[in-house]
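Number of protein chains: 2
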Amino acid sequence: MSDTLLTDLYQLTMLQAYAARGSSTGSAVFELYARHLPPDRGFLVVAGLEQALDYLEHLRFTTADVDWLASTRRFSGAFLETLADFRFRGDVWAVPEGRVVFAGEPWLRVEAALPEAQFVESRLINLLHFSTLIATKAARCVLAAQGRPLADFGMRRAHGAEAALLAARAAVLSGFAATATVEAGRRYGLPLVGTMAHSYVQALGDESAAFQHYAATSPDATTVLIDTYDTGRAAQTVAELVRSGMKIQAVRIDSGDLAAEAVKVRRILDEGGASTVRIIASGNLDELSIEALVTSGAPIDSFGVGTRLDTSADAPTLDAVYKLQSYAGEPCRKRSPGKETWPGAKQVYRHYDTHGRMCADQMALADEPGVAGEPLLVCVMRQGRRVDAHPSVAQIAAQAQADLARLPMEARCLRAPQPLQPVYSESIRALAASFDSRDRR
Amino acid sequence: MSDTLLTDLYQLTMLQAYAARGSSTGSAVFELYARHLPPDRGFLVVAGLEQALDYLEHLRFTTADVDWLASTRRFSGAFLETLADFRFRGDVWAVPEGRVVFAGEPWLRVEAALPEAQFVESRLINLLHFSTLIATKAARCVLAAQGRPLADFGMRRAHGAEAALLAARAAVLSGFAATATVEAGRRYGLPLVGTMAHSYVQALGDESAAFQHYAATSPDATTVLIDTYDTGRAAQTVAELVRSGMKIQAVRIDSGDLAAEAVKVRRILDEGGASTVRIIASGNLDELSIEALVTSGAPIDSFGVGTRLDTSADAPTLDAVYKLQSYAGEPCRKRSPGKETWPGAKQVYRHYDTHGRMCADQMALADEPGVAGEPLLVCVMRQGRRVDAHPSVAQIAAQAQADLARLPMEARCLRAPQPLQPVYSESIRALAASFDSRDRR
Chain A
1 MSDTLLTDLY
11 QLTMLQAYAA
21 RGSSTGSAVF
31 ELYARHLPPD
41 RGFLVVAGLE
51 QALDYLEHLR
61 FTTADVDWLA
71 STRRFSGAFL
81 ETLADFRFRG
91 DVWAVPEGRV
101 VFAGEPWLRV
111 EAALPEAQFV
121 ESRLINLLHF
131 STLIATKAAR
141 CVLAAQGRPL
151 ADFGMRRAHG
161 AEAALLAARA
171 AVLSGFAATA
181 TVEAGRRYGL
191 PLVGTMAHSY
201 VQALGDESAA
211 FQHYAATSPD
221 ATTVLIDTYD
231 TGRAAQTVAE
241 LVRSGMKIQA
251 VRIDSGDLAA
261 EAVKVRRILD
271 EGGASTVRII
281 ASGNLDELSI
291 EALVTSGAPI
301 DSFGVGTRLD
311 TSADAPTLDA
321 VYKLQSYAGE
331 PCRKRSPGKE
341 TWPGAKQVYR
351 HYDTHGRMCA
361 DQMALADEPG
371 VAGEPLLVCV
381 MRQGRRVDAH
391 PSVAQIAAQA
401 QADLARLPME
411 ARCLRAPQPL
421 QPVYSESIRA
431 LAASFDSRDR
441 R
Chain B
1001 MSDTLLTDLY
1011 QLTMLQAYAA
1021 RGSSTGSAVF
1031 ELYARHLPPD
1041 RGFLVVAGLE
1051 QALDYLEHLR
1061 FTTADVDWLA
1071 STRRFSGAFL
1081 ETLADFRFRG
1091 DVWAVPEGRV
1101 VFAGEPWLRV
1111 EAALPEAQFV
1121 ESRLINLLHF
1131 STLIATKAAR
1141 CVLAAQGRPL
1151 ADFGMRRAHG
1161 AEAALLAARA
1171 AVLSGFAATA
1181 TVEAGRRYGL
1191 PLVGTMAHSY
1201 VQALGDESAA
1211 FQHYAATSPD
1221 ATTVLIDTYD
1231 TGRAAQTVAE
1241 LVRSGMKIQA
1251 VRIDSGDLAA
1261 EAVKVRRILD
1271 EGGASTVRII
1281 ASGNLDELSI
1291 EALVTSGAPI
1301 DSFGVGTRLD
1311 TSADAPTLDA
1321 VYKLQSYAGE
1331 PCRKRSPGKE
1341 TWPGAKQVYR
1351 HYDTHGRMCA
1361 DQMALADEPG
1371 VAGEPLLVCV
1381 MRQGRRVDAH
1391 PSVAQIAAQA
1401 QADLARLPME
1411 ARCLRAPQPL
1421 QPVYSESIRA
1431 LAASFDSRDR
1441 R
């Protein structure tokens, strides 16, 4: 597949319009950010930068791409000839993956010739929006689980192949212990985990036979599924098998009243001499049901989270946009109702209270001197080339845990959170005001 | 990417367990269906079958796949050796793409050796779930628009690359006129459409200059974006340009009160001698806001639908499952609380009333003789090979329009719809009862 043509048609027709202007196109600054947070989000965990930089670094039109574009008769020969040499040669500033941001704060700032900076919009949003959406959902699950390990089981109802892969990566970035998605494990070096399906138990006909056969062919310590017919009876079978020397690491419960089932199963296992066998719960879980199970005291040791994680089911989109903030040295401001932008290339400066918790984010112009605080955006690409090697998944996960621990309590809570509201510097406000009074772009 | 390893780990460990049993694994029947519909869905439009059959037909483990699996030390050498010859060699029955189904009705029935039928579960659900989800959302938008053309603008906030491509295809299958996603146009032969971005108007500085320059370089009749600064002023500019001979096909409004803006813009265009210029509305639209705009009488000629279409934002998942219904000639039934299955390989027979509307769906055993009605599942694959060439996008879209026109009114309405409830035959009920009394799988 051509990533390059994975874009909106208007990016190509605008590119053609810019090409017709030739060298007169100046340098542009675009910023990518979420205008607002969904009601139940107190923060975002930024993710997807590695894929975004890969895209920018390898962006080119193949001969097949150009031939196909020619076949549509929408483009001039002169324009099509320019595409062979089209590259992204700009600079990129970004908030590193795993860091927390709030509404209005840029995740990414692209500084490049206008045609290049414009053309990359659609795929940059597509990549960064989704990974950030899922990393944020995953972080909420991690907070709810209070230290219990979580695994991503969501591949089958993720929205296609790339969503399944990127969701697995985003989940582990935000603190999940593992994923069940094999290709994500291979591609991103993520820990893999798996159990068995109900159909396996059904096909073997008898739970005792099914569990024994599975354990005999599995090199890992076995996790068995105990809710195909009757959870209590299956738990007794597990206890018998453990007493007879079989290594069963855990049982999984995937239906019913998970808290009540876990209490019952725990008692049967403990009374049956299988107290080392752990209990995994799964089945339409999300951060709210995990929190309810944890606070109920249910003896659940870990959780598998699937569909609702991989689709961020309660809030499946963010209001993520990519907006022109400056062109040819002049700040820009869009004034569409409800979609106004703040002009100028910006930096975010973070401040912490005496307990080390985030207490204020200051938005200032990128070239504004003497602003205090920790700058969040760092230079990650110069003239189309990465500045540094990308951090590992483990490094990003450590960054995310550090930032989650420093969240204000009001932003961290799962229900009706209060996100930090960034404060705009006097310079940005003055620029916006002067802009409006001049009544131009 | 290897589609083959885009699966859950347990599919591989179960495959290993089945391989250890050798030829003793019998033939299995799995059915894929939605257990329930989301509250605001009165029907589903089935889609994604072409991709699912492609997957089955081309399924194989590459040498690189096997080498990587070996490196994980989770699998035996004997098992890994079997993978080179692993193919899907089963039969598949399916409801054709574009047809309407209801809860519980199989979209797909797979009949194959147990390891093959089991292994394909994760990717089959992943493909069919998403395309059906979006085709259904798109059909609701088409019903709401009452004949006005719709375009898919959702690529940027779709969940990754494959979601963007499959959503564009699913939208056109259900009656959308076009998509903005270029690669989807190339891959599936879909009509493409595009306008311009706010940043284009901002960069050119002046709307008159921006519109003229764009028109000069665009071979298509131009659609211009008029809400960057002031919609009324931009509409006047459009009227002036049209009077001076410029070909402007349409204006797009992307923010504000779309109904009020459209009334104002229509008046300015008509009074300015530009009555042939049409109005396109976009901006966070879905079937409910489209219905409100249409019933308000707003002079909007067509709609661009993006984020909420490509993510099915109000219901981003379906309860789609793939369940073992029969194994080695014996019906199976799972009895997990709330997740019980009906045993046996099934067929759906549809009945129509005297007005040609669907009035009853009868679920019967696939081999049950003498059942009246239109059978929905047809054989699409025999021994791992497609039976026929797949219908074209246009043929599928025609099928979808025919089925949507035959929906019961209660299922067709957008709010609190009443889906058809399939009726289970006496044979299925008797089988389930005998099964429960025997207290086995």
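Order-wise, the sequence lines are chains A and B. Going left to right, the first sequence walks through residues 1 to 441 as the working numbering numbers them. Going left to right, the second sequence walks through residues 1001 to 1441 as the working numbering numbers them. Every residue gets a Cβ at the ideal spot worked out from N, C-alpha and C, and that includes glycine.
Below-8 angstroms beta-carbon distance, residue i vs any chain A residue
i                       : result
residue 1434 of chain B : no
residue 1093 of chain B : no
residue 1158 of chain B : yes
residue 1211 of chain B : no
residue 1109 of chain B : no
residue 1057 of chain B : no
residue 1174 of chain B : no
residue 1182 of chain B : yes
residue 1337 of chain B : yes
residue 1278 of chain B : no
residue 1342 of chain B : no
Residue-level contact to chain B via CB, residue i, 8 angstroms cutoff
i                      : result
residue 195 of chain A : yes
residue 248 of chain A : no
residue 363 of chain A : no
residue 320 of chain A : yes
residue 352 of chain A : no
residue 141 of chain A : no
residue 406 of chain A : no
residue 148 of chain A : no
residue 235 of chain A : no
Residue i vs residue j beta-carbon contact at 8 angstroms
i                       : j                       : result
residue 1259 of chain B : residue 1296 of chain B : yes
residue 1071 of chain B : residue 1016 of chain B : no
residue 397 of chain A  : residue 172 of chain A  : yes
residue 1246 of chain B : residue 1281 of chain B : no
residue 1274 of chain B : residue 1239 of chain B : yes
residue 188 of chain A  : residue 107 of chain A  : no
residue 1232 of chain B : residue 1264 of chain B : yes
residue 1210 of chain B : residue 1204 of chain B : yes
residue 1229 of chain B : residue 335 of chain A  : yes
residue 381 of chain A  : residue 101 of chain A  : no
Cα-Cα separation between residue i and residue j, rounded to whole angstroms
i                       : j                       : result
residue 57 of chain A   : residue 324 of chain A  : 21 angstroms
residue 501 of chain A  : residue 35 of chain A   : The first residue shown for chain A is 1 and the last is 441, placing residue 501 of chain A beyond what the model contains.
residue 130 of chain A  : residue 1352 of chain B : 43 angstroms
residue 1011 of chain B : residue 1029 of chain B : 16 angstroms
residue 1446 of chain B : residue 64 of chain A   : Only positions 1001 to 1441 of chain B appear in this structure, which leaves residue 1446 of chain B out of reach.
residue 156 of chain A  : residue 314 of chain A  : 18 angstroms
residue 168 of chain A  : residue 1223 of chain B : 40 angstroms
residue 1149 of chain B : residue 1177 of chain B : 6 angstroms
residue 1054 of chain B : residue 21 of chain A   : 44 angstroms
residue 1004 of chain B : residue 1059 of chain B : 6 angstroms
residue 1437 of chain B : residue 1423 of chain B : 22 angstroms
residue 340 of chain A  : residue 105 of chain A  : 14 angstroms
residue 1330 of chain B : residue 1112 of chain B : 14 angstroms
residue 160 of chain A  : residue 1272 of chain B : 48 angstroms
residue 1242 of chain B : residue 1248 of chain B : 7 angstroms
residue 1267 of chain B : residue 1298 of chain B : 12 angstroms
residue 433 of chain A  : residue 1255 of chain B : 22 angstroms
residue 1355 of chain B : residue 1404 of chain B : 14 angstroms
CB-CB length for residue i against residue j, believed under 8 angstroms
i                       : j                       : result
residue 1318 of chain B : residue 1127 of chain B : Residue 1318 of chain B to residue 1127 of chain B, Cβ: 13 angstroms. No contact.
residue 411 of chain A  : residue 418 of chain A  : 6 angstroms
residue 252 of chain A  : residue 225 of chain A  : 5 angstroms
residue 250 of chain A  : residue 277 of chain A  : 6 angstroms
Within-8 angstroms CB hit, residue i to chain C
i                      : result
residue 317 of chain A : Going by chain labels, chain C is absent from the structure shown, which instead holds the protein chains A and B.
message = So, does the segment 1413-1433 of chain B touch the segment 1362-1369 of chain B, judging by three or more C-beta pairs under 8 angstroms?
response = A contact between stretches requires three or more CB pairs, one per stretch, nearer than 8 angstroms, and the segment 1413-1433 of chain B meets this requirement with the segment 1362-1369 of chain B.
inquiry  = Using a Cβ distance threshold of 8 angstroms, determine whether the segment 1132-1142 of chain B contacts the segment 1109-1118 of chain B, with at least three qualifying pairs required.
reply    = In short, these stretches do not touch, since the Cβ pair count stays below three.
task = Determine, using beta-carbon pairs with one atom in the segment 33-50 of chain A and one in the segment 73-91 of chain A, whether at least three such pairs fall under 8 angstroms.
result = No contact exists between the segment 33-50 of chain A and the segment 73-91 of chain A.
request  = Kindly confirm or deny that the segment 329-347 of chain A and the segment 366-376 of chain A touch, where touching means at least three C-beta pairs closer than 8 angstroms.
outcome  = The segment 329-347 of chain A is in contact with the segment 366-376 of chain A.
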